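In our numbering, the protein residues as written are 1081 to 1245. Think of the CB as a built atom: it goes at the ideal place given N, C-alpha and C, for glycine as much as any other residue. Note that the structure is a prediction, hence the values are computed from the model and not measured. The next block holds one structure in the form of structure tokens; read it before the comments.
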């Protein structure tokens, strides 16, 4: 069984009481690792899976969970099912994508970290946030009744193609 499978099975078998405590502990560890990752920008975190778990004091299964979370933000994502303790890991992060993914996950404890100042200016973070919110905004493609008809007749839509709509 892979480390990632262990992670998924562990999450599925948690009771509600266990999940709350686990979630708090996991978020705390995750936050510390993101602080280190952002603080050493533009350097990449690299090493074997085992070395990284020891260096950042993660249990292997929990680090597999961290990899699950950051994988979409990597320039070269990993096939998580293939992760083993001797797998060479290079966290080559697309930081704009990472920031947007943190917004998507609704994780203010991560996207509000002070260490983001090492990576992006406040204006750049606001721009990414604005783009994220615009991408989630509903847009209607309904033709206005008084707009010119898209068929090119020159009539108003309500007097032409929209007459029976």
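| Asked | Found |
| --- | --- |
| Own chain residues within Cβ distance below 8 Å of residue 1154, not counting five before or after | 1171, 1172, 1173, 1174 |
| Between the CA atoms of residue 1143 and residue 1133 - distance to the nearest angstrom | 6 Å |
| Length of the line joining the Cα atoms of residue 1236 and residue 1186 | 44 Å |
| Under 9 Å between C-beta atoms of residue 1145 and residue 1087 | yes |
| Own chain residues within Cβ distance below 6 Å of residue 1121, not counting five before or after | 1198, 1199 |
| Sequence-distant residues of its chain with Cβ nearer than 6 Å to residue 1165 (five each side left out) | 1129, 1130 |
| Spatially closest choice to residue 1110 from 1085, 1234, 1191, by CA coordinates | 1191 |
| Host beta strand (DSSP E) of residue 1126 (start-end) | 1125-1128 |
| Contact set for residue 1189: own chain, Cβ-Cβ below 7 Å, skip 5 residues either direction | 1107, 1111 |
| Presumed contact (8 Å Cβ cut-off) between residue 1225 and residue 1238, rounded CB distance | 4 Å |
| Limits of the alpha helix (DSSP H) - the one that residue 1091 falls within | 1083-1092 |
| Within-9 Å CB hit, residue 1098 to chain C | In the structure shown, chain C does not exist; there is a single protein chain. |
| Cα-Cα separation between residue 1241 and residue 1220, rounded to whole angstroms | 19 Å |
| Span separating the alpha-carbon of residue 1182 from that of residue 1202 | 16 Å |
| Cutoff 8 Å; reference residue 1090; Cβ partners in own chain excluding five residues on either side | 1141 |
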